[in-house]
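Quick notes on the structure that follows.
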Amino acid sequence: MRIVIVGNGAAGNEAAVNLRKLDSHCEIVMLARESYPAYSACALPDVLAGWIPLKQTFLLKEEDYARLKIERSFGQAVNKLDLSEKCLQTAETVYHYDRLILATGSQPVIPAVPGSDLAGNFVVKTPGDIERILAHKPKQVVVVGAGNIGVETASALRNRGCRVSLVEMKDRIMPLLYDQKPSALIQKILEEGIEVLTGERVSRISGDTHIKVVHTQGQDINADTVIWAAGVRQNTDIAREAGLSIGSLGGIQVDTHMQSSEAGVFACGDCVESFQVFTRKPCLSLLWSSAKRQAQVAARNCLGYLDEYEGSCSLLIEDIMGIPCVAMGLNLEALQGYEVEVIEQQDENEYFRILMVEDRIVGFQAIGKVEGSGAIFTMIKKGTPVSESRKVLLNRRLVPNLAWYIDSSQYLSCSN
Amino acid sequence: MNSKKMGMRMKRIFVNAEACTGCGLCQLLCSVHKTGQWHPALARIKIKEMPELELNVPVLCLHCSNPPCEVYCVMNLIYKDPNTGYTLRREDKCIGCRACEIACPFSAAVMDPIREVVVNCDLCEGDPLCVSGCPEGALLYMEDSEAGERKRKAAVSLGAWRASRPRDGRGSL
C-alpha cells in the first residue's frame, strides 16, 4: 500500500513515524513545500532568545528518514489533489496514492497594513524565519499580537537585548488562554522588560526601504523590526479545490477517526477543524500536542486500526521572565453560555484559578507554581467529577491506586 | 498497541503505600545516584503525604502504555523502549519547557534544576536503589504478573494483613 503524506510539520512527521511503527512494509511518501527536515516549531523562540542553537530544533536526520524507509520529496508544493484519480500533482511530478494524509498546516497572517512589505517585517514559523530575523540584527522590535507566540517571541528578543514593544488588539494579553485577572498579572511581569500596549492596532508602518516607525492609533514607536504574530490561516487550498468539506471555522472537516469527507483521505494538524473535549463544539487547535495526537489517530485508522480522537484540550506552559505560567482547557470567554464557578487563590508569589461547570473542571490558569497541575489537566481531559475525586481522597484504600488524585487536593481543598 | 505484549515482560516498581513511613531514604538514594547530590528535590520519586489518612504514597513514573508526556513533548524526545516498554528520554535534546511535567497526571516527570532538563524514573538499568534501600519494603520491583498474584492474595487476606501492618521488610500488595 502506498500512503502519501502532504506536509512535514508536527502532524506530517508524527503520522509518518506512526505508520512505520505499525506497518514495516507500506510505502510512505512525504511531500512538502518546505525543504526542512522535521523541526520543532515550539523551540524556535528559544533559538531567538539564544538559549539553544538552531540545529537543536531539528528532530529527524537524513539517516532517520532512511532507516524508517520514508521517501521524501521536500521543497516542492503540491498544486492539485485529484480525488477520483487518487493522485497529487506538484510542478514536476504526479504522485499516486492508495491512502492520503493531509497535514498541510497553517501559515501566519500578515494584515494588509501600509508598510508591511518593507524590509524588516517577519513572522515566526520556520527555521528560515529565525535565520532571517537573526541576520537582520534587530534592535528595536515591535511584536504584533500577544498570543502565546507573540509573548514568547517578545520575551525571547528581550533576552537577546532588544528593546521590545508588544501590541495587542484586544484588551489584554493572551486573550484566548487567560481571563482578565491572570492576564493582568502576567502583563505586569512582562512589563518589567517589555512595553505592552493593549487595545491598540498597528495602522501603518513608515520608512524608506527599511522600517523606521510603527504607527498605532495612539502611538508612534521607533523600530527597525516588526514581527507579526497576529494569527494564522489554515492551508486548505488543495483540499478545498478537490472538493473536500471545509468546516465553518475554515479547517478541513474530519470525523473522530480524522477521516475527511472522502474515504481514504485523512487530515490532521493545524489544517483540520477538530472539536473541543468539553463543549464538543468545532475548534481549531493549533497546538503541537493536538497535531501529534491527531496524526496518531489518522495513521492508525489509515492502516485499519481503530482509534478515535478524544477532542482537543489546550495545554500551554510559558516561561515569563523566569516565572512559569500555565493555561489549560477553556477560559471564561470560551465558556459563554455556561454557568461557571470560579475558584481562585492568590498570595505574594503564586496565583491560580479553576473554572468549574457543574461538577467538572473545565479550565485552569496558574502563575508562579505549576507543580501538580498535571492532575488537574487529567481531570479536565477525562471530565472527572470533582465529587468523585473528593471521595477518593478520603479513602485510604483508593488513594494509593489512584495516586494522581492526590495532587489535585492542593487545588481543590480551598473550595469546600 | 503492542503495549500489552510488552507489559508481560517488563519489571516495574510497585508501591505498597501502607508500609511507607515517609522517611525519604528512597529520595536521597535516587538523588545521589542520579545527580551526585544529596537532596530529595532532585529525586525522581516523590512521597505524597496524606496526613488526614495517615498515609504516605510514594509516586514515580508508571511507564504508561500510552504516555501523555510523549505526546506533549515538543522535541519528540520521549519514547517507549521497544524491548522493555519503559518510557525513556533522550535527555540531551531537552529544552526544559516542562510541557511533559504538566501533562503527567502523577507529576512523575521531574525538573532537574542543575541540568535544566526534565527527567523521569528509568529504573536504573534493572537495579533500582530506591527499592533495595527501602527499609520498610514499601517499594517492590517485579513483573506485572507477580504483582497481580500478590494483589489477589492480599485481597483474600486483607483483614488479617491490615491488622498486622508489614514491618519486616517484605511488604505485600
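In order, the protein sequences belong to chains S and H. Following my numbering, the numbering of the first sequence begins with 1 at its first residue and continues without gaps. Following my numbering, the numbering of the second sequence begins with 417 at its first residue and continues without gaps. Where is the CB? At the ideal position from N, CA and C, for every residue including glycine. Here the structure is a predicted model, which is why all the values come from computation and not from measurement.
- With a cutoff of 7 Å on beta-carbon distance, Ile28 of chain S and Ile101 of chain S are scored as not near each other.
- Within the same chain, and ignoring the five residues on either side of Glu62 of chain S in sequence, the residues whose Cβ sits closer than 8 Å to its Cβ are Pro37.
- Within the same chain, and ignoring the five residues on either side of Lys292 of chain S in sequence, the residues whose Cβ sits closer than 8 Å to its Cβ are Ala10, Ala11 and Glu14.
- Counting only Cβ-Cβ distances below 9 Å, Ile52 of chain S has contacts in chain H at Ile511, in chain order.
- If you check the CB distance, Ala327 of chain S and Leu316 of chain S come in under 7 Å.
- One thing to note: Ser261 of chain S has its Cβ within 7 Å of the Cβ of Ser245 of chain S.
- In chain order, Gln296 and Ala299 place their CB closer than 6 Å to the CB of Asn18 of chain S, counting only its own chain and leaving out the 5 sequence neighbours on each side.
- Cβ contact annotation for Arg158 of chain S (same chain, cutoff 6 Å, sequence separation greater than five): Val164, Gly193 and Ile194, in chain order.
- The C-beta of Ile317 of chain S comes closer than 7 Å to at least one C-beta of chain H.
- DSSP assignment within the segment 177–214 of chain S yields the following whole alpha helix (DSSP H) runs of 4 residues or more, N-terminal first: 180–190.
- Taking C-alpha positions only, Pro175 of chain S is separated from Gly329 of chain S by approximately 13 Å.
- Closest option to Leu185 of chain S, judged by alpha-carbon separation, among S:Ala403, S:Ser116, S:Glu348 and S:Ala229: S:Glu348.
- At a cut-off of 7 Å, the C-beta of Ile406 of chain S has a neighbouring C-beta in chain H.
- Leu445 of chain H and Leu545 of chain H do touch by the CB rule: their CB atoms are close to 4 Å apart, below 8 Å.
- Within chain S, not a single residue places a beta-carbon under 7 Å from that of Ala554 of chain H; the smallest gap is close to 10 Å.
- In the three-state scheme derived from DSSP, where H, G and I count as helix and E and B as strand, Val124 of chain S is classed as coil.
- The three-state reading of DSSP puts Asn395 of chain S in coil, since its state is none of H, G, I, E or B.
- Distance check between Gly512 of chain H and each of S:Gln56, S:Glu350 and S:Arg99 places S:Gln56 closest, using alpha-carbon atoms only.
- Assigned with DSSP and collapsed to three states, Thr93 of chain S falls in coil, not helix or strand.
- Not a single C-beta of chain H is nearer than 7 Å to the C-beta of Trp228 of chain S.
- Per the DSSP secondary-structure output, Gln345 of chain S pairs in a beta bridge with S:Phe352.
- In this structure, Ala267 of chain S lies near Ile252 of chain S, with their beta-carbon atoms less than 7 Å apart.
- For Ile317 of chain S, the enclosing beta strand (DSSP E) begins and ends at Leu315 to Ile320.
- Contact between the segment 474–490 of chain H and the segment 425–440 of chain H is present, with at least three C-beta pairs closer than 8 Å.
- The beta-carbon distance between Cys516 of chain H and Cys485 of chain H, rounded to whole angstroms, is 4 Å. This is short enough to meet the 8 Å contact definition.
- Taking 7 Å as the CB threshold, Arg514 of chain H lines the interface with chain S.
- Taking a C-beta distance under 7 Å as the contact criterion, Pro521 of chain H and Thr503 of chain H do not qualify as a contact pair.
- Residues of chain H whose Cβ lies closer than 7 Å to the Cβ of Glu371 of chain S are, in chain order, Ser523.
- When 8 Å is used as the limit between beta carbons, Tyr557 of chain H is near no residue of chain S, the shortest such separation being about 17 Å.
- Ranking S:Leu287, S:Lys181 and S:Val141 by CA distance to the CA of Glu350 of chain S puts S:Lys181 first.
- Contact annotation: Ser523 of chain H and Gly368 of chain S have beta-carbon atoms that are not nearer than 7 Å.
- Judged by DSSP secondary structure, Thr378 of chain S falls within the alpha helix (DSSP H) whose first and last residues are Ser373 to Lys382.
- Between Val151 of chain S and the set S:Glu131, S:Arg132, S:Pro114 and S:Glu191, the nearest pair of CA atoms involves S:Glu191.
- Contact between Tyr309 of chain S and Leu22 of chain S is ruled out by a C-beta separation of about 17 Å, above the 8 Å threshold.
- Excluding five sequence positions before and after Ala525 of chain H, the CB atoms of its chain that fall closer than 6 Å to its own CB belong to Cys485, Cys516, Glu517, Val534 and Asn536, given in chain order.
- Linking Gln365 of chain S to Ser203 of chain S through their CA atoms gives a straight-line distance of about 32 Å.
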